[in-house]
Amino acid sequence: MRLLHLMLIILSFEALHAQSSSYILANVRVVDVKKGKLWKGLKDVHIKQDRILRIDRHQADLLGREGVIDGKGHFLLPGLWDMHTHPDDPEVWRMRPTNTEKDKLLGLFIAYGVTGIRDMAGDLELANSWKNRIKAGELLGPIIYAAGPLLDGPNPMWDGSVGINNEEHVPIIVDSLIEAGIDFLKVYSLLPRDIYFALNRYANSIDFPIVGHVPMTVKPSEAAEAGIWCQEHLLEMLPECSSREEDYYAKRIDYGAASSRLEQYIVRNQFLLDTYDPKKAQKLFKLFAKHQTWHTPTLSMWYKNAYYEVEWSKDENYTQYLPKYLQKYWTPAVNDHLRNRMASLVQLKKNQVDKYLEMTFAMHKAGVPLLAGTDVGANPLCHPGIGIYNELEMMVKAGLSPAEALKTATINPAIFLRIDQEHGSLETGKVANMLLCAKNPLEDIKNLHTIRLVLNKGVLLTEQDRLHLLQDIKSYFDQVNYK
Ligand SMILES: [Zn+2]
Numbered sequence: 001m002r003l004l005h006l007m008l009i010i011l012s013f014e015a016l017h018a019q020s021s022s023y024i025l026a027n028v029r030v031v032d033v034k035k036g037k038l039w040k041g042l043k044d045v046h047i048k049q050d051r052i053l054r055i056d057r058h059q060a061d062l063l064g065r066e067g068v069i070d071g072k073g074h075f076l077l078p079g080l081w082d083m084h085t086h087p088d089d090p091e092v093w094r095m096r097p098t099n100t101e102k103d104k105l106l107g108l109f110i111a112y113g114v115t116g117i118r119d120m121a122g123d124l125e126l127a128n129s130w131k132n133r134i135k136a137g138e139l140l141g142p143i144i145y146a147a148g149p150l151l152d153g154p155n156p157m158w159d160g161s162v163g164i165n166n167e168e169h170v171p172i173i174v175d176s177l178i179e180a181g182i183d184f185l186k187v188y189s190l191l192p193r194d195i196y197f198a199l200n201r202y203a204n205s206i207d208f209p210i211v212g213h214v215p216m217t218v219k220p221s222e223a224a225e226a227g228i229w230c231q232e233h234l235l236e237m238l239p240e241c242s243s244r245e246e247d248y249y250a251k252r253i254d255y256g257a258a259s260s261r262l263e264q265y266i267v268r269n270q271f272l273l274d275t276y277d278p279k280k281a282q283k284l285f286k287l288f289a290k291h292q293t294w295h296t297p298t299l300s301m302w303y304k305n306a307y308y309e310v311e312w313s314k315d316e317n318y319t320q321y322l323p324k325y326l327q328k329y330w331t332p333a334v335n336d337h338l339r340n341r342m343a344s345l346v347q348l349k350k351n352q353v354d355k356y357l358e359m360t361f362a363m364h365k366a367g368v369p370l371l372a373g374t375d376v377g378a379n380p381l382c383h384p385g386i387g388i389y390n391e392l393e394m395m396v397k398a399g400l401s402p403a404e405a406l407k408t409a410t411i412n413p414a415i416f417l418r419i420d421q422e423h424g425s426l427e428t429g430k431v432a433n434m435l436l437c438a439k440n441p442l443e444d445i446k447n448l449h450t451i452r453l454v455l456n457k458g459v460l461l462t463e464q465d466r467l468h469l470l471q472d473i474k475s476y477f478d479q480v481n482y483k
């Protein structure tokens, strides 16, 4: 059985590669993500190997010819990027997933038109092997930019992190990680201030990307001024936006009858929401804009957690395509992020989501560049692939137009990664990564769900190929024994 299954997968890969040389995707409407509108009229997109050879006005007499795919007047977008992913999340290592299961997760991104990801921490050797096997056509997966290990304080939060306890070690650690193949540095919550600043100084002195959590000991404004390239999850921002920031830091908060640690946590965090000062926030956002500090708010991660119970049943269709270790990890019985579902805590989380939506829109209006990221991995219901549709929906819920939201998963990631000459939009000479939707996502971002075709580095996945791929992945996960 196993062998037969493997042969089927290899066969389907060969079938896919056979189509990858030269063809025309005809009769499509092209979404110009830079301008946020459709190109005028119908187009024919000529593909040669992994590139867009050119884009012409549609010629009706091409349809039906060999090497011509009819796009049926549907809407063509550049391949999407998920800029916050953990296909090999250290937090989930205790569920003991196999490497093959992790490999298979990568295929899910492709099935939904996510042709590039930022891998925000995991085993570096595995990430390097993914990149090599994907390049060689041995594994189906997106383009990967990987962090490797998290850089954390002397007692790191998660397995596999590099704990740094001395500022003087910073250059040696960074140089050796670059040597080992990382694409950027990912800093984490427990870093001491001096080491955080030393990391930013050194990374910027060699113009090497540095991104991540704002540590608990650092303010977001300080992080921006230190030269962090990108901040994740809106962490540590509420205190700096509070009209009573000093009281918060000096612990001058009235806890009333709250006695347990959890109750006090809720009071403290609700205090931050109640004292949110839009003017102070605006000052902070202007600073981000001035430094061009990018932000990945991961709104759907916050939302899925706050509304977990409702979202779980809504997502059951997608959950079936996950490996059993993730299906299990995404339940309150084992998941650290769902440990307590006490009503007052869940209400706090919902209030926080509302504030994060408001802040994201205010940042956007202030000119802070945004990236779409799901935090797929340990966090419940942040799905590989389709999760990015949820994130873009949240961006629209925050107040961005669908066109503005789409930028955060297409041209913005390409600009941030400095690869916009080759990626991020549909233009002659760029890499042929794209997806075709039956309905226009510029009108309603939910129309991403009408995805029909995917082009992955020029390789066409028809609707049938996509469904086969999903079925292949599901069958593999289904036959893995998991206790
Ligand atoms: Zn993350």
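For what it's worth, our numbering labels the leading residue of the sequence shown as 1, then goes sequentially.
For every residue, glycine included, the Cβ atom is placed at its ideal position computed from N, Cα and C.
For residue j and residue i, the rounded distance between their alpha carbons
i    : j    : result
N433 : G79  : 5 Å
I24  : W130 : 30 Å
Y249 : E311 : 35 Å
I415 : R54  : 22 Å
W158 : L150 : 8 Å
K72  : A60  : 11 Å
E138 : T115 : 16 Å
E246 : I253 : 10 Å
P192 : D152 : 8 Å
Y307 : T319 : 16 Å
K279 : R244 : 13 Å
V30  : F75  : 6 Å
S425 : D32  : 7 Å
E422 : A198 : 33 Å
T100 : K40  : 45 Å
A398 : I110 : 27 Å
P332 : S313 : 14 Å
Assigned exposure category for residue i - 16 Cβ within 10 Å defines buried
i    : result
H169 : exposed
T360 : buried
M395 : buried
Q464 : exposed
E91  : buried
K135 : exposed
W172 : With the sequence shown as reference, residue 172 is identified as Ile, and Trp is not the correct amino acid for it. Its Cβ having fewer than 16 others within 10 Å, I172 is exposed.
Q507 : Absent from the structure is residue 507, since the part of the chain shown begins at 1 and ends at 483.
E316 : exposed
L326 : buried
S189 : buried
P87  : buried
L6   : With a pLDDT of 46 at L6, under the threshold of 50, the modelled position of that residue is not reliable, and the figure given next carries that caveat. Burial call: exposed.
R466 : buried
P323 : buried
Unbroken alpha helix (DSSP H) run spanning residue i, endpoints
i    : result
T360 : 343 to 366
K131 : 124 to 135
V33  : Run containing V33: none; DSSP gives neither H nor E here.
A146 : From DSSP, A146 is part of no alpha helix (DSSP H) but of the beta strand (DSSP E) over 143 to 146.
T331 : First-last for T331: undefined, no H or E at that position.
E101 : 99 to 111
Residue i at chain B interface by Cβ criterion, 9 Å
i   : result
H86 : Any reference to chain B falls outside this structure, which holds one protein chain only.
Chain-order list of residues whose beta-carbon lies under 6 Å from that of residue i (same chain, five-residue window excluded)
i    : result
L42  : N27, H58
Y476 : K104
A289 : A366, G367, V368
G458 : S20, I47, Q49, D50, A432
K34  : I411, S425
V174 : Y202
Residue i - containing beta strand (DSSP E), residue span
i    : result
H46  : 43 to 48
R118 : 114 to 119
T275 : Careful: T275 lies outside any beta strand (DSSP E) and carries neither H nor E.
Same chain, Cβ closer than 8 Å to residue i, five either side skipped, listed in chain order
i    : result
Y389 : Y112, I445, K446, L448, H449
L284 : P220, S221, M237, E240, C241
I266 : A258, S344, L345, L348
C-beta atoms of residue i and residue j nearer than 9 Å
i    : j    : result
L287 : T296 : no
K102 : L140 : no
L392 : A366 : no
W81  : A409 : yes
D375 : H84  : yes
V211 : A146 : no
N351 : Q264 : no
L436 : I451 : yes
L77  : P441 : yes
G64  : L124 : no
P154 : V187 : no
Contact set for residue i: own chain, Cβ-Cβ below 7 Å, skip 5 residues either direction
i    : result
L108 : Y321, P384, G385, I473
W330 : P380, L381
L272 : L238, P239, S242, Y248
Y356 : L234, P297, L299, W302
Exercise answer, beta-carbon shell around ligand 3 heavy atoms below 5 Å: Looking for ligand 3 in the displayed structure turns up nothing; the ligands present are ligand 1.
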